[in-house]
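Line by line, the protein sequences are chains A and B.
Just so you know, the first sequence maps onto residues 1 to 135 in my numbering.
Just so you know, the second sequence maps onto residues 136 to 530 in my numbering.
Glycine included, C-beta positions come from ideal geometry on N, C-alpha and C.
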Amino acid sequence: MAKVEKPIPETNTWTEPFWDATREGKLVIQKCVDCDQKIFYPRLICPSCFSQNIEWIEASGKGTVYTYTVVVNNAPSAFLDDMPYVVAVVRLDEGVQMLSNIVECDPASVHCDMPVKVAFKSINDEYTLPVFKPL
Amino acid sequence: MSLKGKAAIIGIGEVPSGKFPERACIVSAVESAVMAVKEKKKKREDIDTIIPTGTVYNAQYNNEMVTGRIVEELGLSGVVKNNVSVFSGGSSSSTMLKVAAGLVNIGAAKYILCLHSEKLATGLSLQGGIDLFSTAGIAKEWEVPFGQHYSSVAALATQRYKYETGTTDEQLAAVCVSNRKWAELNPNAMFRKPLSIDEVMESKMLSTPLRSKMSNMLADGGSAFVVTSPERAAEHTDKPVYLLGSGSRATHFVYSQEPDLTRFAFADAAKDAFKEANLTPQDIDVMEIYDSYPVYQLIGFEESGFCKRGEGGQLFSEGKTWPGGKYPVTTNGGMLSQGHTGGGGGVALLVEAARQLMGKAGERQVKDASFAAYTSTGGTYFDSHVTILGTVVPD
């Protein structure tokens, strides 16, 4: 079977600062200037107070694994060669959740509420994914 | 304002689910529709509105449903006033019923045919199905690049649910076994051979802790139901199935944004539905709980109030949800055994709720079923719906 290219994020104009930052090894999230709500994924309006007065802040990059799974069979075509890989929902210390991969560890060692910190994995020259490794 | 008792299902239709390479998708649609329409003992020309729900195996076929193919196939050109698609993935059953009930209640339609047809087993390759469901409803910017797909989606909820409730893999497997017990009695089900907990536990691991026999199988299928006002319903049947209550919440688009992957919003949805119906979970005779994976069936069952959180696994393990048990749950076998026909998995389960209340469920009929609760959810479980149906309208 021909190798299937990894899906790259289908980005939006207002999310570009996020991907610009990951390319430089930084994890940024949004913060509402009016109500202080931390926001991920990047939005057009604050989901808490409807304000459009939103700014970018650098996140601590630390969090915990809310839940995870080790994909061992029947992955999407572009990920067949990656198995086993860990998909996880990470809760950042800032209170926001994001989907990511847990890397640089034995998949069997990952567990719920495990402390993790951000790392960066480039897919191509343009896009770098924020992934997480054990703290 | 409430739709309680303001609409009724008077006809149902369904074709067998499974692998039917020779059966064109439109055949599933037309045969289901004919059954549902004929059952109301009235002329097909009375159908003035058709609500097809979405089909995902083929965009062209879906467009045909949106733009009136079923009107023409049923010979209703110039008769049907509105052909309008209502689609919310697996919860389309609930949203179609709600929209249909609203339309008949305000007099905008007299008889509404709601229908679904899908060809996910033979209209797609297995890998094609996996690839389709790694993007359908999964956010392309925030989840697809990390290898998220439907098995990992279900596994993420299962892992955390196990962690918080202490539910075991064997108890999750018991949900699959319970559904199979019902499917053994369902001629329209894809899988009817007896299934054991050991077989589930020995099946291939997909995404930990989710195994292949804890996963639904994509199927071809079709089902339909006809909705009208209670006054018109009385002209056709002595057992109309009344809409008594409905509650729902949409809680996320991106799966990882769900605040609680072990609960979703079924508790709030159930509270609204039971309040509207003026019933309690103890009044319900049959619980058609949306599955697709065992964890969601446990969550739907527990959060709707049929048992305490974390106690569902035990009830399923003890066989209390099997035919003849105290809690008849998901009596068509659910998507785990009847087969997953996309949005139709939910439609089939709603049709089953109506079938049980009409007393037409054959070998798997729950005796004297008067009230049914039905749950559904769409996409990556983006919404939580609870619907209460009954043969009478309580005060």
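B/G263 and B/L345 have their C-alpha atoms spaced approximately 20 Å apart. A straight line joining the alpha-carbon of B/E411 with that of B/G380 spans about 5 Å.
Between A/T64 and A/M114 the beta-carbon gap is near 6 Å, inside 8 Å, which marks them as a contact.
A/V4 and A/L80 have their alpha carbons spaced roughly 9 Å apart. Rounded to whole angstroms, the separation of the alpha carbons of B/N218 and B/G477 is 21 Å. Contact annotation for A/Q97 against chain B: S391, Q392 [CB-CB distance below 7 Å, chain order]. For A/E126 and A/I39, the gap between their C-alpha atoms comes out near 24 Å. Contact check for B/Y509 and B/L492: beta-carbon distance about 10 Å, past the 8 Å limit, so the pair fails to qualify. Using a CB distance cut-off of 9 Å, B/S226 does not count as an interface residue toward chain A.
Judged by beta-carbon spacing, B/A385 lies beyond the 9 Å limit of B/F281, meaning their Cβ atoms are not closer than that value. Residue contact check for A/I8 against chain B: a CB pair falls below 9 Å.
For the 9 Å CB-CB criterion, B/G514 and B/F388 form a contact.
Contact of A/C46 with chain B is not assigned, every C-beta pair being separated by 9 Å or more. A direct Cα-Cα distance of roughly 24 Å separates B/L330 from B/S287. The beta carbon of B/A290 sits closer than 7 Å to the beta carbons of S342, T343, P344, L345 from its chain, once the five residues preceding and following it are set aside; these are given in chain order.
Secondary structure at B/I265: helix, using DSSP grouped into helix, strand and coil.
B/A354 is positioned such that its CB atom lies no closer than 9 Å to that of B/I144. For B/W317, the closest Cβ of chain A is not nearer than 9 Å. B/P329 carries a coil assignment under DSSP once its states are collapsed to helix, strand and coil. Secondary structure of B/M200 (DSSP, three-state): helix. When the Cα atoms are used, B/T526 and B/A408 turn out to be separated by approximately 16 Å. Three or more Cβ pairs drawn from the segment 466-473 of chain B and the segment 325-339 of chain B lie within less than 8 Å of each other, which places the two stretches in contact.
Taking 7 Å as the cut-off between beta carbons, the residues of the segment 270-298 of chain B near chain A are K275, E276, W277, E278, V279, P280, F281, G282, Q283, H284, S286, S287, A290, L291, Q294, R295, Y298, in sequence order.
The beta carbon of B/T512 does not come within 9 Å of any beta carbon belonging to chain A, so the residue lies off that interface. In this structure, B/A236 lies away from B/S472, with their beta-carbon atoms at least 9 Å apart.
Here the C-alpha atom of A/D82 lies approximately 16 Å from the C-alpha atom of A/F132. What A/D36 touches in chain B, judged by beta-carbon distance under 8 Å, is nothing: the nearest beta carbon there is about 19 Å away. Contacts between A/N73 and chain B, judged by CB atoms closer than 7 Å, involve K339, M340, L341 in chain order. Counting C-beta pairs with one atom in each stretch, the segment 54-72 of chain A and the segment 20-29 of chain A have three or more that are closer than 8 Å, which means they touch. Of B/A404, B/E423, B/R295, B/P151, the smallest CA-CA separation from A/H111 is found for B/R295. Taking a C-beta cut-off of 7 Å against chain B, the contacting residues of the segment 76-100 of chain A are P76, S77, F79, D82, Y85, V87, V89, Q97, M98, L99, S100, listed in chain order. Residues of chain B whose Cβ lies closer than 8 Å to the Cβ of A/V70 are, in chain order, S342, T343. In the structure shown, B/G272 adopts coil according to DSSP, grouped into three states. The way I'd put it, the segment 265-280 of chain B doesn't touch the segment 203-218 of chain B; fewer than three beta-carbon pairs between them come closer than 8 Å.
Under the Cβ distance rule, A/I123 counts among the residues neighbouring chain B, one pair being separated by less than 9 Å. When 8 Å is used as the limit between beta carbons, B/L232 is near no residue of chain A, the shortest such separation being about 30 Å.
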